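S.K.: In the numbering used here, the protein residues as written are 1370 to 1724. Built from N, CA and C at the ideal position, the CB exists for glycine as well. Bear in mind the structure is a predicted one, so any value in this text is a computation, not a measurement.
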């Protein structure tokens, strides 16, 4: 049973989740502390077919405080479709998205929706704080995703050199009617938030980065996960380029790195007379990795990051480049269809299947 009518709601917070009961508790505890009055926002937990009981976590918070939490469940279809489930049932004029392993700061929601409520901005994206995450691996990955040398400032457009900014689904808000008109998120498991943001942008809507809307991303990844995720993002980049023209020169750099390092190794192996010249790309890249380690280690204030950051950076760069090349070379002309679940602009909570 809903605790407030949609007339009182400023914003609906949608959280896709798969398992992670302890992380969900931490997220809900942080949402309880939001500066926005609890009567003015709702939280929609969209369970993507978890194998553990998350309804009990939601019930626990519903009985303890006045936060409006609604629980929905679907068969496992991926985070994009889970977000669409929340979007379909959202009652607020604005829909904010975050992930179950994120911890928003108390002013997060207020700062994130402020530009949308007070100007013509249609979509906002906030900052992912890489300094205070629980796990060193997560701090390193989030630093790399925000830095110029790590990932071209993908998550932070304040980087000196950065790609075009597209809000990521872990920290973004959008006018509900725009999100519905754009058709919601695709069913792809990588790049679906960039694809969604680009469709919003193509509607000639202003998108604004809000550095004061901060979440801490408590992800934990091992080296295999870092490499595999980078590979999948590289393949997704080719798909985005073909389907929506979302591509910039900076996106080709990891692929050029893979080609350069491979050529350097082969030249040194089969043409030893040119080994010194062939080794130049490797030396230059080693310098870049050292700079990443020094800068990131200083910002993270952890000596272990001096070694882990260069290692993770190399996995991300080479993995992304390999995925990019694989997708380009295996199917250079055929487009890949996007499985997108269209979200109709229905009235708030119309026909929802809350459990």
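Which value, in whole angstroms, describes the spacing of the CA atoms of residue 1645 and residue 1518?
M.R.: So the alpha carbons of these two residues sit roughly 25 angstroms apart.
S.K.: Check whether the Cβ atoms of residue 1551 and residue 1493 sit closer than 8 angstroms, and answer yes or no.
M.R.: Contact: no.
S.K.: State the Cα-Cα distance for the pair residue 1384 and residue 1441, rounded to the nearest angstrom.
M.R.: Approximately 10 angstroms between the Cα atoms of the pair.
S.K.: What residues in its chain sit with their C-beta under 6 angstroms from that of residue 1501, if we drop five residues either side in the sequence?
M.R.: Once the five neighbours on either side are set aside, the close Cβ partners of residue 1501 are 1585.
S.K.: Use the C-beta contact count for residue 1595: other C-beta atoms within 10 angstroms, 16 or more gives buried, fewer gives exposed.
M.R.: By the 10 Å Cβ count, residue 1595 comes out buried.
S.K.: Below 8 angstroms CB to CB, which residues in the same chain sit around residue 1379 once its five sequence neighbours on both sides are set aside?
M.R.: Cβ neighbours of residue 1379 beyond the five flanking positions: 1405, 1409, 1410, 1461, 1462, 1463, 1482, 1486.
S.K.: Return helix, strand or coil for residue 1574, following the three-state DSSP convention.
M.R.: The answer is coil: DSSP assigns residue 1574 none of H, G, I, E or B.
S.K.: Is the region 1610-1619 in contact with the region 1564-1574, if contact means three or more CB pairs nearer than 8 angstroms?
M.R.: At 8 angstroms Cβ cutoff, the stretches touch.
S.K.: What first and last residue would you give for the alpha helix (DSSP H) that runs through residue 1508?
M.R.: It spans 1505-1515 - the alpha helix (DSSP H) in which residue 1508 sits, taken as one unbroken run.
S.K.: Output the boundary residues of the alpha helix (DSSP H) element that contains residue 1499.
M.R.: Residue 1499 -> no alpha helix (DSSP H), and no H or E assigned at all.
S.K.: Quick one: measure Cβ to Cβ for residue 1438 and residue 1412, integer angstroms, because I've assumed they're closer than 8 angstroms.
M.R.: Confirmed, about 5 angstroms.
S.K.: Below 8 angstroms on the Cβ atoms is my contact criterion, and I expect residue 1400 with residue 1469 to pass it. Report the Cβ-Cβ distance as a whole number of Å.
M.R.: Contact doesn't hold; Cβ gap of about 11 angstroms is too wide.
S.K.: So what's residue 1442 in DSSP terms, helix, strand or just coil?
M.R.: Residue 1442 falls in the strand class under three-state DSSP.
S.K.: Between the region 1649-1659 and the region 1674-1684, do at least 3 Cβ pairs fall closer than 8 angstroms?
M.R.: Verdict: yes, contact present.
S.K.: When DSSP labels each residue in this structure, what does residue 1532 get in the three-state scheme?
M.R.: Note: residue 1532 maps to coil in three-state DSSP.
S.K.: Considering residue 1429, what are the terminal residues of the alpha helix (DSSP H) in which it resides?
M.R.: Segment 1424-1433, the alpha helix (DSSP H) holding residue 1429.
S.K.: Please report the Cβ distance between residue 1392 and residue 1587, rounded to the nearest whole angstrom; I am assuming they are in contact, meaning their Cβ atoms lie under 8 angstroms.
M.R.: Correct: roughly 7 angstroms between the Cβ atoms.
S.K.: Going along the chain, which residues of its own chain have a beta-carbon closer than 7 angstroms to the beta-carbon of residue 1637, five neighbours each way excluded?
M.R.: Same-chain partners within the cutoff: 1644, 1647, 1648.
S.K.: From residue 1491 to residue 1576, what distance separates their C-alpha atoms?
M.R.: Distance between the alpha carbons of residue 1491 and residue 1576 is about 6 angstroms.
S.K.: So for residue 1600, helix, strand or coil by DSSP?
M.R.: In the structure shown, residue 1600 sits in a helix (DSSP, three-state: H, G or I).
S.K.: Can you name the residues that DSSP bridges to residue 1437?
M.R.: In DSSP, residue 1437 forms a bridge with 1411.
S.K.: Tell me the rounded alpha-carbon separation between residue 1535 and residue 1599.
M.R.: In a straight line, the C-alpha of residue 1535 is about 18 angstroms away from that of residue 1599.
S.K.: Please confirm whether residue 1631 has its beta-carbon closer than 8 angstroms to some beta-carbon of chain D.
M.R.: Protein chains in the displayed structure number just one, and chain D is not present.
S.K.: Is it true that the CB of residue 1503 sits closer than 8 angstroms to the CB of residue 1515?
M.R.: Their beta carbons are not under 8 angstroms apart, which means residue 1515 does not touch residue 1503 by this criterion.
S.K.: Just how far apart, CA to CA, sit residue 1542 and residue 1477?
M.R.: About 11 angstroms.
S.K.: So, at 7 angstroms on beta carbons, what are the nonlocal neighbours of residue 1695 in its own chain, with the 5 sequence-adjacent residues on each side left out?
M.R.: Closer than 7 angstroms at Cβ, skipping near neighbours: 1604.
S.K.: How many angstroms separate the CA atom of residue 1683 from the CA atom of residue 1433?
M.R.: The straight-line gap from Cα to Cα measures roughly 46 angstroms.
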